[in-house]
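Trainee: Protein chains in written order, with the numbering used here: chain A, 54 to 494; chain B, 54 to 494.
Structure below; questions to follow.
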């Protein structure tokens with residue numbers, strides 16, 4: 054079976070990622086529904102417009118978001134930021150998203166278009182500052198507002214909403230650009246108090262994949278009641294350890310946005326940062342966000358390997374992250390992984406040029422570097438550098454076994470502290486160059 | 054004519070870089086000689102050991118160097134630093150360099166080996182702290198000291214030194230690893246006072262090209278008399294605008310070193326930072342170093358294009374450089390250049406995520422981005438963004454003409470100040486991945 058191309062234009066691998074990573078059923082949070090359709094912005098007639106709508110009216114919903122730090126922020130990013138500022142993250146009941154056009158570098162008219170998009174949804178649900186907007190696709194082109202407005206109308210008027218698996222999956226498809234599979238996950242959690250709640254998330258591919266295409270987008274919705282400041286701090290913390298710990302090509306787009314809605318449909322006390330269960334929920338949201346972010350790496354253009362870079366026993370998280378990122382972004386490390394080369398020299402080199410906040414984070418005589426298998430085979434850990442000393446008798450056969458795995462781990466033990474950071478990256482292949490070197494068409 | 058592979062193992066292009074970039078004759082500085090031979094460290098029998106020797110005894114020579122900022126510094130880097138510290142950059146009469154083994158991540162024994170290498174040369178020339186050492190090649194292996202010691206002996210005892218073009222070219226060949234051509238340039242300069250002097254420079258490839266290969270090395274020698282502190286400040290300034298403004302893959306090795314010797318063989322007043330001609334000489338050394346650094350980019354693995362990224366009218370040099378570097382290192386920009394895609398979105402995006410020192414360096418409404426032809430064809434400048442507004446009617450035919458040139462310029466006019474930085478980069482091709490994904494062999 055080949056990868057389904059129903060919403061996704063490009064199949065770069067024979068590995069069947071669609072059947073591996075796309076769920077066939079799921080349980081979704083109470084009080085949300087998802088609607089999508091093909092507005093005609095995408096020329097191929099695929100789904101390109103979606104809305105997540107909160108229908109729970111028992112309590113006001115809350116919203117939080119983390120936006121790109123790129124100095125060129127696209128219109129939908131600027132507007133969504135403003136909506137959150139004005140609303141204080143309360144009473145946000147909808148997210149509207151389109152693919153095919155990023156509404157980026159479009160100036161004032163772009164901002165007007167984004168406002169109109171939000172305005173149409175606000176009008177339908179009868180409230181102000183109630184809608185976040187996201188766009189992904191070609192940069193520097195205006196939104197086709199006639200198609201988008203009429204599409205939003207249709208989703209509401211013809212009630213294209215649903216709360217079943219198909220509706221959510223279609224929504225995940227509608228945000229795809231050159232992704233080879235839609236990224237949707239959903240999980241039910243139980244807290245010690247007995248309260249059960251659900252997280253549903255979706256994302257679209259990083260790597261500014263197709264020429265002029267942009268954006269990493271992610272959405273997480275939950276039926277827990279969470280105060281807006283608690284939701285924001287929870288999401289910020291989760292993103293730091295998930296979406297900000299992935300690398301496909303190290304480029305950060307003008308549209309990157311991860312947002313979260315909590316509608317309080319579960320009948321329990323509102324979660325605040327001082328709530329006894331706050332930390333546990335934060336951890337659950339973090340690992341959920343990590344699963345979602347990892348799917349983005351798995352769909353990295355041309356990638357044949359999913360690599361976890363684990364920097365542990367670091368003096369602080371920030372420096373662990375800086376080193377994990379340097380390794381994950383190094384073109385030489387990424388090509389070595391592709392070439393299945395146990396090239397610890399390149400890993401060490403990347404660690405050496407990482408811009409540390411504290412020089413004490415790195416002590417040459419304490420560093421250990423290993424490759425770690427993830428398929429249960431032994432020995433799990435193959436040591437390349439022990440206490441700063443390169444192992445000259447590395448078992449090359451075992452190295453080549455581990456490096457031929459589609460999933461593997463690079464483990465760096467700094468031995469200078471107790472913090473750790475995991476980063477997820479992929480290899481760099483000729484196929485990446487081919488995809489990204491294609492002329493815009 | 055094909056690329057000569059006499060010292061260089063890999064020909065990745067049909068373009069005849071050897072005949073384009075390797076000089077067939079030259080005038081060299083007075084009072085220096087160059088010696089090289091095949092010591093046997095390189096298995097293929099190519100030149101792999103070289104010595105630059107000052108023979109002018111009219112004045113003490115001076116030396117300066119700029120070393121890698123990688124936290125893992127190779128033994129020759131640590132030792133050469135020490136030699137400069139102890140000698141104060143005076144009386145340094147030799148540079149000994151080997152290829153085939155980088156003597157990096159070799160610990161104390163590596164440092165002993167480097168000391169022995171320097172010791173053999175010092176003994177031959179009869180003075181202490183008179184020799185700098187550089188190594189390039191495989192990381193994590195010990196130098197084969199028997200071969201190297203005996204090679205140094207032979208260069209002196211059999212007088213393998215010469216001051217002619219062939220001797221200098223052979224020296225340039227002896228530092229090659231996977232370079233496809235040796236990098237040697239030499240120029241004569243005349244100062245307003247009438248004084249004539251010569252600069253000769255050589256370098257070896259950046260990009261930690263072959264698996265486990267490392268290092269950018271560069272040497273510049275001159276017959277001007279220059280005080281050691283003036284030489285150091287001149288070289289540091291030149292490197293900031295030359296070797297620190299090139300990108301092949303953004304990886305910085307453990308061995309990177311650029312050094313300079315001045316032997317004072319030209320009979321003129323010693324140049325100090327306060328000398329009337331200091332600034333002019335510094336500018337000449339800077340543009341000379343730029344020419345040398347550019348050769349390294351021209352030999353970038355798999356590269357088909359040489360691209361000048363020119364960020365002008367910036368508030369300060371540092372931010373101009375940070376932006377030029379972000380563009381030059383972006384995998385998406387590099388693949389777009391390869392794909393001959395006028396993709397200003399990726400350029401803007403890279404500018405947007407560059408880590409600026411001063412936010413005022415970037416004003417969206419003032420930015421201009423163009424592609425510039427370098428072959429004399431008109432219109433020379435093709436504007437993509439004017440005062441922050443993307444040009445939607447870009448002449449695609451002209452864009453494709455400019456982008457098909459082997460040499461071209463990306464011009465970013467920030468309009469926020471008067472400083473500028475030029476950075477040199479190459480495109481990213483499937484061939485790069487192939488070269489760097491090869492298993493160590």
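Quick reminder that beta carbons are idealized off the backbone N, C-alpha and C, glycines included.
Computed from a prediction, not measured in an experiment: that's the story for all the values here.
How many angstroms separate the CA atom of residue 331 of chain B from the CA atom of residue 289 of chain B?
Mentor: Here residue 331 of chain B corresponds to residue number 278 of the second chain, with the count starting at 1. Here residue 289 of chain B corresponds to residue number 236 of the second chain, with the count starting at 1. If I take the Cα positions, the gap works out to 14 Å.
Trainee: DSSP on residue 220 of chain A, reduced to helix/strand/coil?
Mentor: Taking the first chain and counting its residues from 1, the one referred to as residue 220 of chain A is at position 167. Collapsing the DSSP output to three states places residue 220 of chain A in a helix.
Trainee: Can you tell me which of the three DSSP states residue 474 of chain A falls into?
Mentor: Here residue 474 of chain A is taken as the residue at index 421 of the first chain, counted from 1. Note: residue 474 of chain A maps to strand in three-state DSSP.
Trainee: Considering only the beta carbon of each residue, do residue 139 of chain A and residue 182 of chain A sit closer than 8 Å?
Mentor: Against the first chain, residue 139 of chain A aligns to sequence position 86. Against the first chain, residue 182 of chain A aligns to sequence position 129. Yes, they are a contact pair.
Trainee: Can you list, in chain order, the residues of its chain whose CB lies under 6 Å from that of residue 153 of chain B, leaving out five sequence neighbours each side?
Mentor: For the purposes of this step, residue 153 of chain B is identified with residue 100 of the second chain, where counting begins at 1. Cβ neighbours of residue 153 of chain B beyond the five flanking positions: 94, 95, 101, 190.
Trainee: Taking Cβ positions, are residue 422 of chain B and residue 400 of chain B nearer each other than 8 Å?
Mentor: Position 369 of the second chain holds residue 422 of chain B. Position 347 of the second chain holds residue 400 of chain B. The answer is yes: Cβ separation under 8 Å.
Trainee: Taking 8 Å as the threshold (beta carbon to beta carbon), is residue 258 of chain A in contact with chain B?
Mentor: The residue given as residue 258 of chain A occupies position 205 in the first chain. Chain B, which has no Cβ nearer than 8 Å to the Cβ of residue 258 of chain A, makes this no.
Trainee: Need the endpoints of the beta strand (DSSP E) that residue 363 of chain A sits in, please.
Mentor: Mapped onto the first chain, residue 363 of chain A falls at position 310. Start and end: 359-367.
Trainee: Using a Cβ cut-off of 8 Å (strictly closer), state whether residue 489 of chain A contacts chain B.
Mentor: As a position in the first chain, residue 489 of chain A is number 436, starting the count at 1. Yes - at least one Cβ of chain B is within 8 Å of the one on residue 489 of chain A.
Trainee: Would you grab the beta carbon distance between residue 478 of chain B and residue 362 of chain B for me? Rounded to a whole angstrom, and I think it's under 8 Å.
Mentor: Here residue 478 of chain B refers to the residue found at position 425 of the second chain. Here residue 362 of chain B refers to the residue found at position 309 of the second chain. Their Cβ separation, rounded to whole angstroms, is 6 Å, which keeps residue 478 of chain B and residue 362 of chain B in contact under 8 Å.
Trainee: Only counting the same chain, and skipping five residues up and downstream in sequence, which positions put a Cβ closer than 8 Å to that of residue 106 of chain A?
Mentor: Taking the first chain and counting its residues from 1, the one referred to as residue 106 of chain A is at position 53. Once the five neighbours on either side are set aside, the close Cβ partners of residue 106 of chain A are 85, 86, 87, 88, 146, 147, 178, 214.
Trainee: Along the region 404-438 of chain A, what residues have a CB closer than 7 Å to any CB found in chain B?
Mentor: 405, 406, 415, 417
Trainee: So residue 278 of chain A contacts chain E; which residues on that side make the cut at Cβ distance below 8 Å?
Mentor: The displayed structure is made up of protein chains A and B, and chain E is not among them.
Trainee: Sorted by chain position, which residues of the same chain lie with C-beta nearer than 7 Å to residue 156 of chain A's C-beta, five sequence neighbours on each side aside?
Mentor: As a first step, residue 156 of chain A must be located in the first chain, where it is residue number 103. 127, 128, 129, 163, 166, 167, 188, 196.
Trainee: Does residue 384 of chain A have its Cβ less than 8 Å from a Cβ in chain B?
Mentor: Counted from its first residue, the first chain places residue 384 of chain A at position 331. Answer yes: the Cβ-Cβ gap between residue 384 of chain A and chain B drops below 8 Å somewhere.
Trainee: In chain B, what lies closer than 8 Å to residue 96 of chain A by C-beta?
Mentor: Start at 1 with the first residue of the first chain, and residue 96 of chain A comes out as number 43. Within chain B, no residue comes near residue 96 of chain A; the closest Cβ sits about 18 Å away, beyond 8 Å.
Trainee: Start and end of the beta strand (DSSP E) containing residue 308 of chain A?
Mentor: By one-based count along the first chain, residue 308 of chain A stands at place 255. Careful: residue 308 of chain A lies outside any beta strand (DSSP E) and carries neither H nor E.
Trainee: Please identify the residue among B:243, B:72, B:275 whose C-alpha is closest to the C-alpha of residue 109 of chain B.
Mentor: Position 56 of the second chain holds residue 109 of chain B. It is B:275.
Trainee: Note down, in chain order, each residue of its chain lying with its Cβ closer than 6 Å to the Cβ of residue 338 of chain A, except the 5 sequence neighbours on either side.
Mentor: Along the first chain, read from residue 1 onward, the residue named residue 338 of chain A stands at position 285. Cβ neighbours of residue 338 of chain A within its own chain (closer than 6 Å, five residues either side excluded): 287, 291.
Trainee: Got a sec: is the Cβ-Cβ distance from residue 189 of chain A to anything in chain B below 8 Å?
Mentor: Sequence index remark: in the first chain, residue 189 of chain A carries index 136 (1-based). With 8 Å as the cut-off, residue 189 of chain A does not count as an interface residue toward chain B.
Trainee: Mind checking the region 112-134 of chain A against chain B and listing, in chain order, the residues whose C-beta falls within less than 9 Å of any C-beta there?
Mentor: 121, 122, 123, 124, 125, 126
Trainee: Does the CB of residue 389 of chain B have a neighbour CB from chain A at under 8 Å?
Mentor: The residue you call residue 389 of chain B lines up with position 336 of the second chain. Chain A, which has a Cβ nearer than 8 Å to the Cβ of residue 389 of chain B, makes this yes.
Trainee: Closest Cβ-Cβ distance between residue 478 of chain B and chain A: below 8 Å?
Mentor: The residue labelled residue 478 of chain B in the question sits at position 425 within the second chain. Answer no: the Cβ-Cβ gap between residue 478 of chain B and chain A never drops below 8 Å.
Trainee: Does any residue of chain A bring its CB to less than 8 Å from the CB of residue 442 of chain B?
Mentor: Taking the first residue of the second chain as 1, we reach residue 442 of chain B at position 389. Residue 442 of chain B counts as touching chain A.
Trainee: Between the region 316-334 of chain A and the region 371-384 of chain A, are three or more C-beta pairs nearer than 8 Å?
Mentor: no
Trainee: Residue range of the alpha helix (DSSP H) that residue 201 of chain B falls in?
Mentor: To locate residue 201 of chain B, count along the second chain from 1; it is residue 148. Start and end: 198-210.
Trainee: For a contact meaning CB atoms closer than 7 Å, what does residue 483 of chain B contact in chain A?
Mentor: For the purposes of this step, residue 483 of chain B is taken as the residue at position 430 of the second chain. Residues of chain A with a Cβ closer than 7 Å to the Cβ of residue 483 of chain B are, in chain order, 483, 486, 487.
Trainee: Interface residues of chain B around residue 307 of chain A at Cβ under 7 Å?
Mentor: Numbered from 1 along the first chain, position 254 holds the residue referred to as residue 307 of chain A. The contacting residues are 402, 405.
Trainee: Buried or exposed: residue 117 of chain A, going by 16 or more other Cβ atoms within 10 Å of its Cβ?
Mentor: Mapped onto the first chain, residue 117 of chain A falls at position 64. Buried, because 16 or more other Cβ atoms sit within 10 Å of the Cβ of residue 117 of chain A.
Trainee: Taking C-beta to C-beta, are residue 359 of chain B and residue 459 of chain B nearer than 8 Å?
Mentor: The residue given as residue 359 of chain B occupies position 306 in the second chain. The residue given as residue 459 of chain B occupies position 406 in the second chain. With contacts defined as CB atoms closer than 8 Å, residue 359 of chain B and residue 459 of chain B qualify as a contacting pair.
Trainee: With residue 402 of chain B as the anchor, note down where its beta strand (DSSP E) starts and where it stops.
Mentor: Numbered from its first residue, the second chain carries residue 402 of chain B at position 349. Premise fails: residue 402 of chain B lies in the alpha helix (DSSP H), 397-406, not in any beta strand (DSSP E).
Trainee: For residue 248 of chain A and residue 311 of chain A, what's the separation of their Cα atoms in angstroms?
Mentor: Within the first chain, the letter at position 195 stands for residue 248 of chain A. Within the first chain, the letter at position 258 stands for residue 311 of chain A. For residue 248 of chain A and residue 311 of chain A, the distance between alpha carbons rounds to 26 Å.
Trainee: Hey, could you find the ends of the beta strand (DSSP E) residue 151 of chain B is sitting in?
Mentor: Numbered from 1 along the second chain, position 98 holds the residue referred to as residue 151 of chain B. Here the beta strand (DSSP E) through residue 151 of chain B covers 147-154.
Trainee: Are residue 192 of chain B and residue 158 of chain B close, meaning C-beta to C-beta below 8 Å?
Mentor: Here residue 192 of chain B refers to the residue found at position 139 of the second chain. Here residue 158 of chain B refers to the residue found at position 105 of the second chain. By the CB criterion at 8 Å, residue 192 of chain B and residue 158 of chain B fall inside the cutoff.
Trainee: Listing by chain order, which chain B residues have their CB less than 7 Å from the CB of residue 311 of chain A?
Mentor: Here residue 311 of chain A is taken as the residue at index 258 of the first chain, counted from 1. Residues of chain B passing the Cβ test: none, with the nearest at roughly 17 Å.
Trainee: From what residue to what residue does the beta strand (DSSP E) around residue 422 of chain A run?
Mentor: Counting from one through the first chain, the residue named residue 422 of chain A turns up at place 369. Note, residue 422 of chain A: beta strand (DSSP E), 421-426.
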